[in-house]
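Chemist: Below are the structure tokens for one structure; questions will follow.
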Amino acid sequence: MTKNPGVAVGRELDAGQAGTGKGSDEVAVLDQIPDGPRRALVAQLRALREASGLTVPELVQRLEQRGVALTASRLSNFLSGHEVPSRAQVTALHRVCEAAAGTERDPDAVQETRRLLYAVLDAERTTKPLRAREFDLEELREQLERVRVHTATELGVLRDELDRERALRRQAEDQLTVLIAAADDHAREIGETTAERDVARGRIAELEDQIRQHEALLRLHEKEARHLRAMAQETAQEIARYDSPVLKTPSPETTANATDVPNTPNAPNMRDARGGLEVQEVDVLKVVAAVERLRDEDRDHEADQVLSDICEAEPDLLPVLWQAFRAGHRRLDAERLLVEAAQCCNGITLYRLWRTRTFLGTRHVGLFPLHTDHLMTAIGNHAPLDVLERFIKACRERDDQQGLRLLALNCTPLPVGEVLKLREVGLPTRPFLFWPWQALLKAVARTTAFSRTR
Numbered sequence: 002m003t004k005n006p007g008v009a010v011g012r013e014l015d016a017g018q019a020g021t022g023k024g025s026d027e028v029a030v031l032d033q034i035p036d037g038p039r040r041a042l043v044a045q046l047r048a049l050r051e052a053s054g055l056t057v058p059e060l061v062q063r064l065e066q067r068g069v070a071l072t073a074s075r076l077s078n079f080l081s082g083h084e085v086p087s088r089a090q091v092t093a094l095h096r097v098c099e100a101a102a103g104t105e106r107d108p109d110a111v112q113e114t115r116r117l118l119y120a121v122l123d124a125e126r127t128t129k130p131l132r133a134r135e136f137d138l139e140e141l142r143e144q145l146e147r148v149r150v151h152t153a154t155e156l157g158v159l160r161d162e163l164d165r166e167r168a169l170r171r172q173a174e175d176q177l178t179v180l181i182a183a184a185d186d187h188a189r190e191i192g193e194t195t196a197e198r199d200v201a202r203g204r205i206a207e208l209e210d211q212i213r214q215h216e217a218l219l220r221l222h223e224k225e226a227r228h229l230r231a232m233a234q235e236t237a238q239e240i241a242r243y244d245s246p247v248l249k250t251p252s253p254e255t256t257a258n259a260t261d262v263p264n265t266p267n268a269p270n271m272r273d274a275r276g277g278l279e280v281q282e283v284d285v286l287k288v289v290a291a292v293e294r295l296r297d298e299d300r301d302h303e304a305d306q307v308l309s310d311i312c313e314a315e316p317d318l319l320p321v322l323w324q325a326f327r328a329g330h331r332r333l334d335a336e337r338l339l340v341e342a343a344q345c346c347n348g349i350t351l352y353r354l355w356r357t358r359t360f361l362g363t364r365h366v367g368l369f370p371l372h373t374d375h376l377m378t379a380i381g382n383h384a385p386l387d388v389l390e391r392f393i394k395a396c397r398e399r400d401d402q403q404g405l406r407l408l409a410l411n412c413t414p415l416p417v418g419e420v421l422k423l424r425e426v427g428l429p430t431r432p433f434l435f436w437p438w439q440a441l442l443k444a445v446a447r448t449t450a451f452s453r454t455r
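If you want the working numbering, it's the 1-based position in the sequence shown plus 1.
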């Protein structure tokens, strides 16, 4: 998906546009608007414009100078309650009116107008869900940005304190070096300086640990911000699709083409294991071919990234993709796919995939067939501890004793502390069986070609 900040801002500023044309200062009488959130918002916007002393054409002209394309008729619709402005348009109106009135910027006034705007959208959420979702996403993005800035500030303070502590440590070590040269005469001072150095070392260790945690928080905030930006962009696209007259009235040919998909080997019907819905976004055969080509070109990292992206974006494709790898004699890629799924997907998604019973297999030990569950093996060997806990909870909520037993058999050897946590959430183990159970799991773990990623 191509990211274009300019297009995103333009869509946000023009959100809710109903038409174009010239307008005037004439607006509806406020008493004609029914009581409710919309009337309160209109009253706020009118008070803002009246305080600025600008007419509607003058206000439109100044908004245009700030890069906000808005016609006089649309602005009159905002002031009459016929349309609802976007968050960006509300902010721009406040900036222009405050500049015209010669007053300082008032963030509280902007927040109050946004609160009234949200009350209108929340009251009309059932009829205009896309506009409400657009407002919610933008508010989440602003909250996340405030948290990110706060975390970055704390990180800077901690780093400054770390530099000071390191300087104190160097000073103490320099003094200690001088005192050691005259140890007989300065035994007491050496003891005090050594204690200061030890305290500084302990504080440095604490600060380094806090810095690592704050850096991890910053990475998580940045990842969440990217996700929110992607969600906002997708919401804007859905709004554009909703406003498009072509998409509102699809032609019979388009409907026929969307529902009539041939079931041939070259174009298989890929269906979701839960509801039987056709998956059209990703061509499984093309994914298999792309992974095979990357493996042949020794671009294993890129191939693994393709599998990871599929697991994060389209987990419902995993059963079909796994079968396609197996059918194409790509057994190792099929196993790698399940490993990526165990590491990327959450416990609920993994449980839902396991319930499809798609990942079953049979291998022979001598003359005896042994039935295996490839997905459960990958979960037990590669899923993080929090994912295992959520998977166990999903089994217990559904009284799925079979899933709990299979997970206990396939789970990789874990430290005693982690085993105790899993036992607390419902893994069927007993304290006196920890070490025999762990030895048995070690023997089973030798049969897989993958190592656990912690």
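Glycine is no exception: its CB is placed at the ideal position from the N, C-alpha and C atoms.
Everything numeric in this text was worked out from a predicted model, so none of it was measured.
State buried or exposed for Val321, treating a residue as buried only when at least 16 other CB atoms are found within 10 Å of its CB.
Modeler: buried
Chemist: What does the Cβ neighbour count give for Val61, buried or exposed, with the cut at 16 atoms within 10 Å?
Modeler: buried
Chemist: Please list the terminal residues of the continuous alpha helix (DSSP H) segment that includes Arg1.
Modeler: The shown model of the chain, from 2 to 455, leaves out residue 1, and the question about it has no answer.
Chemist: Have a look at Gln234, Glu197 and Val426 and flag the residue whose alpha-carbon is nearest the alpha-carbon of Glu398.
Modeler: Val426
Chemist: What is the rounded straight-line gap between the Cα of Glu143 and the Cα of Arg327?
Modeler: 46 Å
Chemist: For Val121, which residues from the same chain have a beta carbon less than 6 Å from its beta carbon, with the 5 sequence-adjacent residues on both sides left out?
Modeler: Pro38, Arg39, Leu42 and Val85, listed in sequence order.
Chemist: So, is Leu333 buried or exposed, given that buried needs 16 or more other C-beta atoms within 10 angstroms?
Modeler: The residue in question, Leu333, is exposed, as its Cβ has fewer than 16 Cβ neighbours within 10 Å.
Chemist: Between Arg198, Ala183 and Ala184, which has its C-alpha nearest Glu174's C-alpha?
Modeler: Arg198
Chemist: Can you tell me which of Pro108, Cys412, Ala395 and Ala343 puts its alpha carbon nearest to the alpha carbon of Leu319?
Modeler: Closest option to Leu319, Cα to Cα, is Ala343.
Chemist: So who's on the other strand from Leu361, going by DSSP bridges?
Modeler: Asp374
Chemist: In angstroms with no decimal places, state the Cα-to-Cα distance between Ala409 and Leu286.
Modeler: 35 Å
Chemist: If I measure Cβ to Cβ from Leu131 and keep anything under 8 Å in the same chain, skipping five residues before and after, which residues do I get?
Modeler: Thr236, Glu239, Ile240 and Tyr243
Chemist: Classify Gly103 as buried or exposed, calling it buried when 16 or more other Cβ atoms lie within 10 Å of its own Cβ.
Modeler: exposed
Chemist: Would you mind working out which of Glu113, Thr114 and His95 sits nearest Glu105, comparing C-alpha positions?
Modeler: Taking only the C-alpha atoms, the option nearest Glu105 is His95.
Chemist: Does the pairing of the region 158 to 174 with the region 210 to 217 give three or more beta-carbon distances under 8 Å?
Modeler: yes
Chemist: According to DSSP, simplified to helix, strand and coil, what is Ala184?
Modeler: If DSSP states are grouped into helix, strand and coil, Ala184 belongs with coil.
Chemist: Three-state secondary structure (DSSP) at Val200?
Modeler: helix
Chemist: Alpha carbons only, please: which of Thr154, Leu208 and Glu155 is nearest the one belonging to Arg1?
Modeler: Coverage of the chain is limited to positions 2 through 455, which leaves residue 1 absent and any answer about it impossible.
Chemist: Given a threshold of 16 other Cβ atoms within 10 Å of its Cβ, counted over all protein chains shown, does Thr114 qualify as buried or as exposed?
Modeler: buried
Chemist: Compare the Cα-Cα distances from Ala119 to each of Gly54, Ala184 and Arg134 and report the closest residue.
Modeler: A small fix is needed here, since residue 119 is Tyr in this sequence, not Ala. Ranking Gly54, Ala184 and Arg134 by CA distance to the CA of Tyr119 puts Arg134 first.
Chemist: Grab me the residues of Leu141's own chain with a C-beta within less than 8 Å of its C-beta, minus the 5 sequence neighbours each way, in chain order.
Modeler: Leu229
Chemist: What is the residue span of the alpha helix (DSSP H) that Pro320 lies within?
Modeler: Element bounds for Pro320: Leu319 to Ala328.
Chemist: Quick one: grab the DSSP three-state call for Val69.
Modeler: coil
Chemist: Counting along the chain, where does the alpha helix (DSSP H) carrying Cys412 start and finish?
Modeler: No alpha helix (DSSP H) contains Cys412, which DSSP labels as neither H nor E.
Chemist: Taking all protein chains shown into account, do 16 or more other C-beta atoms lie within 10 angstroms of the C-beta of Arg460, making it buried, or fewer, making it exposed?
Modeler: For residue 460 there is no data in the structure shown, the boundaries of the chain being 2 and 455.
Chemist: Where do the N-terminal and C-terminal ends of the alpha helix (DSSP H) with Glu99 fall, by residue?
Modeler: Arg88 to Ala102
Chemist: Below 8 Å CB to CB, which residues in the same chain sit around Glu225 once its five sequence neighbours on both sides are set aside?
Modeler: Leu145
Chemist: For Gly82, does the three-state DSSP call read helix, strand or coil?
Modeler: Correct three-state label for Gly82: coil.
Chemist: How would you write the range of the alpha helix (DSSP H) that Ala52 sits in, first residue to last?
Modeler: Residues Pro38 to Ser53.
Chemist: Give me, in chain order, the residues of the same chain whose beta-carbon lies closer than 7 Å to that of Ala395; leave out the 5 immediate sequence neighbours on both sides.
Modeler: Gly348, Ile349 and Tyr352
Chemist: Going by other Cβ atoms of all chains shown within 10 Å of its Cβ, with 16 needed for buried, is His330 buried or exposed?
Modeler: exposed
Chemist: By Cβ distance, which residues of its chain are closer than 6 Å to Glu190, with the 5 residues on each side in sequence left out?
Modeler: Leu180
Chemist: Helix or strand or just coil, what does DSSP make of Gly427?
Modeler: coil
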